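Below is one structure, written out as structure tokens; comments come after it.
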Amino acid sequence: MRIGTTVNGQAHEHDVEPRLLLVQYLREVVGLTGTKIGCDTSSCGACTMLVDGESVKSCTMLAAQADGSEITTIEGLANGDELHPVQAAFHDQHGLQCGFCTAGMVMATVSLLDEIPRPTERDVRLGLEGNLCRCTGYHNIVQAVLAAAGTNR
Amino acid sequence: MIPAPFDYVRAGSADEAVAALAEHGDDAKLLAGGMSLLPLMKLRLATPTVLIDVGRVRELSYVRDAGDHLAVGALTRHRDLETSDVLATHCAPLRTVASEVGDNQVRHRGTIGGSVAHGDPASDLPALLLALDATFVVRGPGGERTLAAADFFHGFLETALEPDELLTEIRVPKPGGTGFAYEKFQRRAQDWAIVGAMAVRNGDTRVALVNMGGTPLRALAVEEALAGGASVEQAAEHAAEGTEPPGDINATPEYREHLARVLVRRALEAASA
């Protein structure tokens with residue numbers, strides 16, 4: 001089937017199999033591999049991206065369901081060499097260890113801060129419950145989100 | 154993991170979805186948010202040959218004050234429920250339980266109708282709808298019919314929905330709960346409930362259980378004990394009566410029975426506070 005998407009501001013049209021997952025579409029068809037496949041069972045959140053501005057787990061969505069949508073991946077956040085504020089905060093606060101969950105954490109954070117611009121630490125921990133860090137580096141991740149929101153005192 | 158091949162049909166309206174179901178019959182499945190169906194298809198535990206995507210049927214996404222009840226479109230997303238002003242005024246429990254489903258990403262996609270139609274006893278919303286005496290409106294080739302929540306859930310992933318029917322609306326009588334609490338026991342915040350217990354006060358007290366059998370359940374023995382004057386502590390001892398909880402990697406049936414008694418007590422205490 002033919003689908004059209006806008007990925008990080010750029011229009012795409014592709015023929016895809018209906019069973020193609022959104023994450024595969026981005027990684028293998030569009031060629032953006034910043035989004036990671038972790039658990040592949042919608043538990044870990046590594047594949048989180050924005051569809052029409054809201055976070056989704058792209059391993060549990062068909063590319064066909066995203067037909068006509070605006071998609072933002074980790075590659076679409078920075079403005080040239082200038083990091084997005086959430087990326088900069090993860091960098092400044094060392095909000096990562098091995099880095100595998102980071103793209104998903106950052107995208108989930110962008111969506112969370114859109115919904116709750118001034119979150120408490122509890123808001124952040126609840127808001128990121130769908131993203132797992134196997135290094136268990138949550139402390140700095142939470143600090144990074146609070147720093148990005150300017151609510152880290 | 155990749156689902157088995159299927160044909161994809163996108164329905165633009167509820168009537169189109171019903172027509173597509175009539176055309177494709179038993180081989181077709183409706184796809185709403187896909188938060189339950191797609192994982193099953195990726196594991197090849199479900200292999201429909203036709204998927205009818207109703208995710209864009211906007212006419213079925215709403216929360217309306219309909220006088221003596223609230224009308225909730227089947228394709229209303231959990232996110233829209235947890236932020237609904239109408240629910241804040243008239244049915245706070247539905248808002249609260251919607252906010253307990255999965256995680257933000259799941260709530261951005263998943264729908265109340267998808268959760269109900271999927272019929273998973275570990276789901277949060279069906280137990281609440283049972284406790285609130287909700288009714289479900291379904292549409293098939295012969296027209297609409299209305300089913301009580303108490304008659305809807307038949308067994309694990311089995312409901313009263315016929316293969317050619319579409320769930321269109323959930324109706325919740327007012328008032329949707331004056332005191333309420335949901336106690337959900339899980340290992341990770343985003344997980345399904347290992348056991349869940351909710352208490353709703355609407356004059357009388359209703360108690361519902363999540364994941365204590367093949368369907369969502371009312372803890373009727375607890376309700377009867379309360380109506381007979383038992384204390385919360387005494388009543389909660391009846392929480393597992395009449396249940397046949399599953400045993401799995403997370404818990405034995407005996408442990409689930411213990412959890413039910415503890416969680417029902419906590420829910421009753423919190424709902425009364």
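These protein sequence lines map, in sequence, to chains A and B.
Heads up: the first sequence at position 90 corresponds to 90 in my numbering, and the numbers run straight through without jumps.
So the number in my numbering is just where the residue sits in the second sequence, counting from 1, plus 153.
The beta carbon of each residue, even a glycine, is placed where N, CA and C say it ideally should be.
As the structure is a prediction and not an experimental result, all values here were calculated from the model.
Practice prompt. Would you kindly report the start and end of the unbroken alpha helix (DSSP H) that includes L193/B?
Written response: The count along the second sequence starts at 1 and reaches residue 193/B at position 40. 190–195 is the extent of the alpha helix (DSSP H) around L193/B.
Worksheet item: Is DSSP giving D304/B helix, strand or coil here?
Response: In the second sequence, residue 304/B corresponds to position 151, counting from 1. Note: D304/B maps to helix in three-state DSSP.
Discussion item. Give me, in chain order, the residues of the same chain whose beta-carbon lies closer than 6 Å to that of G95/A; leave out the 5 immediate sequence neighbours on both sides.
Written reply: In the first sequence, residue 95/A corresponds to position 95, counting from 1. Within the same chain, G95/A has close Cβ partners N140, I141, A144.
Discussion item. Please report whether the beta-carbon of T72/A lies at a distance below 8 Å from any beta-carbon of chain B.
Written reply: Here the question's residue 72/A lines up with position 72 in the first sequence. It does not: the Cβ of T72/A has no partner Cβ on chain B nearer than 8 Å.
Worksheet item: Tell me which same chain residues have a C-beta within less than 8 Å of the C-beta of L283/B, skipping the five on either side of it?
Response: By 1-based counting over the second sequence, the position of residue 283/B is 130. Closer than 8 Å at Cβ, skipping near neighbours: A302, A303, F306, A361, P369, L370, R371.
Fill in: S55/A - DSSP class collapsed to helix/strand/coil
Residue mapping note: residue 55/A aligns to position 55 of the first sequence, counting from 1. Correct three-state label for S55/A: strand.
Worksheet item: Which partner residues does L183/B have in the DSSP bridge list?
Response: The residue labelled residue 183/B in the question sits at position 30 within the second sequence. BP columns for L183/B point to I205/B.
Item to complete: Report yes if the CB atom of A424/B is closer than 8 Å to the CB atom of A392/B, and no otherwise.
Response: Here residue 424/B corresponds to residue number 271 of the second sequence, with the count starting at 1. Here residue 392/B corresponds to residue number 239 of the second sequence, with the count starting at 1. Not closer than 8 Å, so no.
Practice prompt. Take the Cβ of M365/B as the centre, count every other Cβ of all protein chains shown within 10 Å, and call the residue buried at 16 or more, exposed below.
Written response: Within the second sequence, numbered from 1, the residue matching residue 365/B stands at position 212. Flag for M365/B reads buried.
Worksheet item: How about K57/A: is its C-beta nearer than 8 Å to some C-beta of chain B?
Response: Along the first sequence, one-based indexing puts residue 57/A at 57. By this cut-off, K57/A is an interface position.
Worksheet entry | Inter-residue spacing [alpha-carbon to alpha-carbon] between A374/B and V254/B | As a first step, residue 374/B must be located in the second sequence, where it is residue number 221. As a first step, residue 254/B must be located in the second sequence, where it is residue number 101. Between A374/B and V254/B, the C-alpha separation is close to 27 Å.
Item to complete: From the DSSP output, in three-state form, read off H91/A for me.
Response: Here residue 91/A refers to the residue found at position 91 of the first sequence. Here H91/A sits in helix by DSSP.
Worksheet item: Closer than 8 Å, CB to CB, is D286/B near chain A or not?
Response: Working through the second sequence from its first residue, we reach residue 286/B at position 133. False, the Cβ-Cβ gap to chain A never drops below 8 Å.
Worksheet item: So what does DSSP say about Y215/B, is it helix, strand or coil?
Response: Along the second sequence, one-based indexing puts residue 215/B at 62. Three-state result, Y215/B: coil.
Worksheet item: By DSSP, does H177/B sit in helix, in strand, or in coil?
Response: Your numbering for residue 177/B matches position 24 in the second sequence. For H177/B, the three-state secondary structure derived from DSSP is helix.
Worksheet item: Considering only the beta carbon of each residue, do V203/B and H177/B sit closer than 8 Å?
Response: If you number the second sequence from 1, residue 203/B lands on position 50. If you number the second sequence from 1, residue 177/B lands on position 24. Result yes, Cβ atoms of V203/B and H177/B sit closer than 8 Å.
Practice prompt. May I have a chain-ordered list of the beta strand (DSSP E) segments no shorter than 3 residues that lie completely inside the segment 232–295 of chain B?
Written response: You should have 288–293.
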